[in-house]
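Residue numbers (the numbering used here): 126 to 318.
Where is the CB? At the ideal position from N, CA and C, for every residue including glycine.
Below is one structure; the comments refer to it alone.
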Amino acid sequence: RILEQGTNNCMESVLCNESDFGINMNNVTNSSIDFTPLVNEPFVLACRRDHPLAKKQLVEWQELVGYKMIGVRSSSGNRLLIEQQLADKPWKLDWFYEVRHLSTSLGLVEAGLGISALPGLAMPHAPYSSIIGIPLVEPVIRRTLGIIRRKDAVLSPAAERFFALLINLWTDDKDNLWTNIVERQRHALQEIG
126 RILEQGTNNC MESVLCNESD FGINMNNVTN SSIDFTPLVN EPFVLACRRD HPLAKKQLVE
186 WQELVGYKMI GVRSSSGNRL LIEQQLADKP WKLDWFYEVR HLSTSLGLVE AGLGISALPG
246 LAMPHAPYSS IIGIPLVEPV IRRTLGIIRR KDAVLSPAAE RFFALLINLW TDDKDNLWTN
306 IVERQRHALQ EIG
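This is the structure in structure tokens:
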């Protein structure tokens, strides 16, 4: 079975043997856990196609100032990473809405309530989506996702096959992630304009 959980709950499920392994960010500090990196993905701006920033190829983080931001709660790994990377900037983002899940932030963006900064893999892949993803730069913020598992864990044959499948699929595609985001943006700009 597959469980969808936040970072901390995922770690706890692996530690207490409820899950064979989990997919998590690389901020694992528990000495009982092994982390195998899968993908290092950039954060992107998620906005509606009719938003003023939607026609840009790249957006600097500072350009988000003055817009209502939709973000995951401040205790989430994604939000902590963004806050840490932007801590020395003289400007601050307006985290107007806080949600529990990235998918919820996309729903609020689609409703026109604000914009969001989220990992590229969280963006919808459907070309008909009313939301567009634009690479965020200055700075480029990336997160590393990987597989966590107990160091002493012996996987069942089925779990071992799934683990190997994830390693093969994700590590083969990791070099294309940024390119795929930029290509989707180019395609969307042609449709807008």
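- Look at the segment 135-211 and you find these whole runs of beta strand (DSSP E), each 3 residues long or longer: 147-150, 158-173, 193-197.
- A contact is defined here as three or more CB-CB pairs under 8 Å, and the segment 168-188 fails this definition with respect to the segment 288-295.
- Within its own chain, the residues whose Cβ lies closer than 6 Å to the Cβ of T161, once the five positions on either side in sequence are excluded, are G271, I272, listed in chain order.
- Rounded to the nearest whole angstrom, the C-alpha separation of L170 and E129 is 24 Å.
- Looking at I256, R204, M136, the one whose alpha-carbon comes closest to that of L231 is I256.
- Separation of S144 and F168 (C-alpha to C-alpha, rounded to the nearest whole angstrom) is 28 Å.
- Remark: three or more beta-carbon pairs, one from each stretch, lie closer than 8 Å, so the segment 193-204 and the segment 214-222 are flagged as touching.
- The C-beta of N149 has 16 or more other C-beta atoms within 10 Å across all chains shown, which makes the residue buried.
- In the three-state reduction of the DSSP assignment, E129 falls in the coil class.
- Secondary structure at R225: coil, using DSSP grouped into helix, strand and coil.
- Cβ atoms of G237 and R173 come within 8 Å of each other, at about 6 Å.
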